[in-house]
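Chains as they are written, first to last, in our numbering: chain A, 1 to 138; chain E, 1 to 138; chain D, 1 to 138; chain P, 1 to 138.
The structure appears below as structure tokens.
There are 4 protein chains.
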Amino acid sequence: MPSPWFTHELKVRYQETDQMGVVYHANYLNWFEIGRTELIRELGMPYRSIEAKGLLLPVIEADIRFVKPARYDDTVTIRTRVEQYTNIRLSFSCEICRDGETLASGGTRHVWVNRDWKPARIDKEAPELYELLKKWSG
Amino acid sequence: MPSPWFTHELKVRYQETDQMGVVYHANYLNWFEIGRTELIRELGMPYRSIEAKGLLLPVIEADIRFVKPARYDDTVTIRTRVEQYTNIRLSFSCEICRDGETLASGGTRHVWVNRDWKPARIDKEAPELYELLKKWSG
Amino acid sequence: MPSPWFTHELKVRYQETDQMGVVYHANYLNWFEIGRTELIRELGMPYRSIEAKGLLLPVIEADIRFVKPARYDDTVTIRTRVEQYTNIRLSFSCEICRDGETLASGGTRHVWVNRDWKPARIDKEAPELYELLKKWSG
Amino acid sequence: MPSPWFTHELKVRYQETDQMGVVYHANYLNWFEIGRTELIRELGMPYRSIEAKGLLLPVIEADIRFVKPARYDDTVTIRTRVEQYTNIRLSFSCEICRDGETLASGGTRHVWVNRDWKPARIDKEAPELYELLKKWSG
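Now the structure itself:
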């Protein structure tokens with residue numbers, strides 16, 4: 001059952017544009033990541049401290065649909081929610097909006113691994129994080 | 001009917017890594033784009049000259065599966081093929097490989113637009129490009 | 001006579017790190033640019049609207065000294081001031097700080113050009129902008 | 001005494017452009033780094049293997065002058081040479097050229113550090129690398 005949406009705003013950087021005069025498409029994946037970083041911070045455990053515990057959360061799948069281009073200096077809203085989680089996996093949905101209009105939407109799927117990139121069970125290796133995810137996803 | 005695979009090699013840049021010690025995931029979309037740029041060059045009409053005609057080819061959808069991480073200074077092979085094309089749309093499949101092993105795979109879907117971002121029919125606006133695509137895709 | 005310092009905060013993005021575990025050095029130039037963008041906004045004329053008038057402000061020189069590395073998720077403060085300005089040129093000084101400590105410092109020098117990259121005199125082509133610069137640098 | 005120039009070519013990526021229609025200025029620092037990476041490879045010891053020994057070569061200073069903009073799909077030549085070296089420091093000069101014309105030039109200064117970012121003496125910690133530098137710089 002998906003969690004509530006969490007929103008975070010950012011301003012489009014000049015460096016993120018390309019010669020089409022719009023945001024280069026790969027940057028939306030970067031924004032998706034910023035969205036889930038901020039959601040995880042809101043959860044109560046910054047991703048930085050999760051990595052400090054030796055847990056990494058690489059992306060194993062991503063998909064994205066581009067509807068309208070974002071432009072330099074636009075204020076865009078990143079809406080993110082936890083779509084599904086287990087003790088080894090986690091997935092997010094994400095929308096990029098401007099003035100209430102969706103510019104892009106998609107999702108990312110992740111697996112928890114340890115520093116050696118072996119799958120990790122977070123209910124065992126970070127039970128407090130697992131509880132926070134449960135609580136967040138209601 | 002998909003076209004043959006076209007391959008292009010590149011060396012992973014330091015700037016493309018992140019603190020996990022691997023390539024930051026969004027960069028694979030950049031490599032996908034380099035793959036299709038080089039395929040289009042091979043077709044006989046560099047993308048640069050297509051844009052000079054006033055045609056743009058923005059991405060409208062992308063998906064990607066990450067299998068194994070690429071690392072700094074790896075030589076990776078980008079394999080790209082035209083998956084489908086019409087007079088208004090174009091789609092590519094793409095694989096990122098290292099030593100014969102697939103690191104990531106996915107696809108992008110595009111629509112031809114003119115400088116005002118209105119849909120463009122390339123059989124009318126760039127018939128020679130349309131012929132090249134036909135010939136390439138056999 | 002240099003203007004007062006203008007400060008702007010940002011959070012270090014994951015994508016900005018490299019495999020040394022710190023921010024990749026070229027990104028500081030991007031932050032310098034964000035700093036002067038926000039200073040120009042504060043001046044009363046967003047850079048976006050300056051470009052809309054047909055004026056561009058490319059960098060012609062940049063220098064930077066790196067003292068301590070910024071890291072993922074750090075909150076860094078960008079301090080920027082106008083160092084010098086004439087009707088055709090503009091220069092900024094910039095410092096990147098964290099918790100009151102300077103991580104990097106440097107400067108950029110710019111020239112005003114029009115859309116054809118020919119030098120532009122802003123006292124003639126954008127007198128209201130020139131007045132704002134005068135007032136700011138007071 | 002500076003070393004001979006070492007040259008390396010690359011093709012400008014779409015992602016490296018910005019809405020001015022030229023290469024975003026911070027990317028030149030990335031190209032400088034690619035230039036010295038390839039020079040160090042030519043020396044006989046890839047930077048990757050230097051890092052594997054536990055030595056890092058962060059940038060402590062950089063300066064750059066921008067003369068003419070590089071554009072999408074340009075083939076640019078990176079010319080790099082060792083400007084100075086000691087057992088703890090190293091500096092490079094770099095030029096970015098297109099068709100024999102200089103687009104940008106500058107330099108970077110570096111210090112050898114170990115994994116804890118403490119200064120390292122490479123004549124002691126990597127004497128074979130120190131010999132290679134001596135030989136290269138004639």
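No residue lacks a Cβ here, since even glycine has one placed at the ideal position from N, Cα and C.
- For the segment 4-30 of chain E, the set of residues with a beta-carbon nearer than 8 Å to any beta-carbon of chain P comprises R13, Y14, Q15 and N30, in chain order.
- Chain D has no Cβ within less than 9 Å of the Cβ of A/P58.
- Chain order gives no chain P residues near A/Y130, where near means a beta carbon separation below 8 Å; the closest approach is about 32 Å.
- Residues of chain E with a Cβ closer than 8 Å to the Cβ of P/E42 do not exist; the shortest Cβ-Cβ separation is about 14 Å.
- Cβ-Cβ distances below 8 Å link D/S93 to P2, T80, R81, E83, S105, G106 and G107 in the same chain, with the five nearest sequence neighbours on each side left out; the list follows chain order.
- Contact between the segment 61-76 of chain D and the segment 63-75 of chain P is present: three or more C-beta pairs spanning the two stretches fall below 8 Å.
- According to the DSSP assignment, D/Y85 belongs to the beta strand (DSSP E) that extends over T75 to Y85.
- When Cβ-Cβ separations below 9 Å define contact, A/D116 makes no contact with chain E.
- Listed in chain order, the non-local C-beta contacts of E/G44 below 8 Å within the same chain comprise L132, local neighbours out to five positions each way being set aside.
- Rounded to the nearest angstrom, the Cβ distance from A/L129 to A/I34 is 20 Å, too far for a contact under 8 Å.
- The alpha-carbon separation between P/R48 and A/T37 amounts to approximately 30 Å.
- Under the Cβ criterion of 9 Å, A/Y72 is counted among the residues facing chain P.
- A/L29 places its beta carbon 9 Å or farther from that of E/L57.
- In this structure, A/I78 lies near A/W31, with their beta-carbon atoms less than 9 Å apart.
- Listed in chain order, the non-local C-beta contacts of E/R115 below 6 Å within the same chain comprise G54, local neighbours out to five positions each way being set aside.
- For D/T17, the number of other beta carbons within 10 angstroms of its own is at least 16, and it is reported as buried.
- For D/K134, same chain residues with a beta-carbon under 7 Å away, outside a window of 5 residues either side, do not exist.
- By the CB criterion at 9 Å, D/V111 and D/I88 fall inside the cutoff.
- With its beta carbon at least 9 Å from every one in chain P, E/R98 lies outside the interface.
- Judged by their CB atoms, E/V12 and E/Y72 are nearer to each other than the 9 Å cut-off.
- In this structure, A/R98 lies near A/V76, with their beta-carbon atoms less than 9 Å apart.
- At a cut-off of 9 Å between C-beta atoms, P/R48 counts as an interface residue with respect to chain E.
- Around D/P119, the same chain offers I88, V111, W112 and V113 as residues with beta carbons nearer than 8 Å, after the five sequence neighbours per side are excluded.
- Distance from D/Q19 to E/Q15 at the Cβ level is roughly 10 Å; contact not present, criterion being Cβ atoms closer than 8 Å.
- What P/T77 touches in chain E, judged by beta-carbon distance under 7 Å, is nothing: the nearest beta carbon there is about 16 Å away.
- In the three-state DSSP reduction, A/A126 falls in the coil class, being neither helix nor strand.
- The three-state reading of DSSP puts E/R65 in strand, counting E and B together.
- In the DSSP secondary-structure assignment, P/K118 is not bridged to any residue.
- The Cβ of D/R65 sits closer than 9 Å to at least one Cβ of chain P.
- When rounded, the separation of the alpha-carbon atoms in D/Y85 and D/R109 is 10 Å.
- About 20 Å separates the beta carbon of P/A70 from that of P/L39, a gap too long to meet the 8 Å contact definition.
- Setting aside the 5 residues that flank it on each side, E/V22 is surrounded in the same chain by P69, A70 and R71, each with a C-beta closer than 8 Å to its C-beta; the list follows chain order.
- P/T7 and D/N27 have their C-alpha atoms spaced approximately 24 Å apart.
- In the structure shown, E/L39 falls within a helical segment according to DSSP collapsed to helix, strand and coil.
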